[in-house]
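Note that the sequence shown covers residues 69 to 233 in this note's numbering.
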Amino acid sequence: MRVHLGSDHAGLELKDHLVGWLREQGHEPVDHGPFVQDPLDDYPVFCLRAARGVVADPGSLGVVIGGSGNGEQIAANKVEGVRCALAWSDETAALGRQHNDANVVSVGGRMHTVEEMTRFVGIFLDTDFSGEERHVRRIEMLAAYETDDVLPPLPASAAGLGPDA
């Protein structure tokens, strides 16, 4: 499988490690940068490219890495068609795929050891989407909103409640 990667300076060491690790695992890494340590770099430059790479490359997945992974997740999720999950444990890495059919995972280079983050990425890549109807329905709602900017209707249980009632 092709795996698109992007990071910032805080994720550079892990990204470089993952490129080699992915090859050892039989994957084809596509490195969108950065390629040198620059403490003033901007993660959107690299993470947006990795996310676009995933969308343009059906069947591929992506990994974005930063200090916390939060900004990188936000950047990746700005690309239409990307569902980027922030993984901070084995369980969140698996659930991003199982329940959300995430196609990109974000990890924080300053939050975990290289071994832990490598494990999170491995779990993410090895986990399949469950395909359960409730998860499919939710993903379809998000995809529709992404394209038409129309909020999904409130369920009957919320009728008459809240500001949208």
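We put the CB at the ideal spot given by N, CA and C, even for glycine.
Bear in mind the structure is a predicted one, so any value in this text is a computation, not a measurement.
For Ala226, there is no enclosing alpha helix (DSSP H), as DSSP marks it with neither H nor E. In its chain, beyond the 5 residues on either side, Ala155, Phe188, Ile191, Phe192 have a beta carbon closer than 6 Å to the beta carbon of Ala161.
DSSP places Leu129 in the uninterrupted beta strand (DSSP E) bounded by 129-134. The residues Leu73, Ser75, Ile133, in chain order, have a CB closer than 6 Å to that of Lys83 in the same chain once the five nearest residues on each side in sequence are set aside. Around the beta carbon of Asp99, 16 or more other beta carbons lie within 10 angstroms, which makes this residue buried. Per DSSP, the continuous beta strand (DSSP E) segment holding Arg70 begins and ends at 70-75. Counting C-beta pairs with one atom in each stretch, the region 85-96 and the region 140-153 have fewer than three that are closer than 8 Å, which means they do not touch. DSSP places Pro102 outside both helix and strand once states are collapsed to three, so it counts as coil. For Leu154, the pairing in a beta bridge is given by DSSP as Ser174.
Separation of Arg178 and Ser198 (C-alpha to C-alpha, rounded to the nearest whole angstrom) is 31 Å. Setting aside the 5 residues that flank it on each side, Pro107 is surrounded in the same chain by His77, each with a C-beta closer than 8 Å to its C-beta; the list follows chain order. Looking at the backbone, the Cα of Glu140 and that of Gly164 are separated by about 15 Å.
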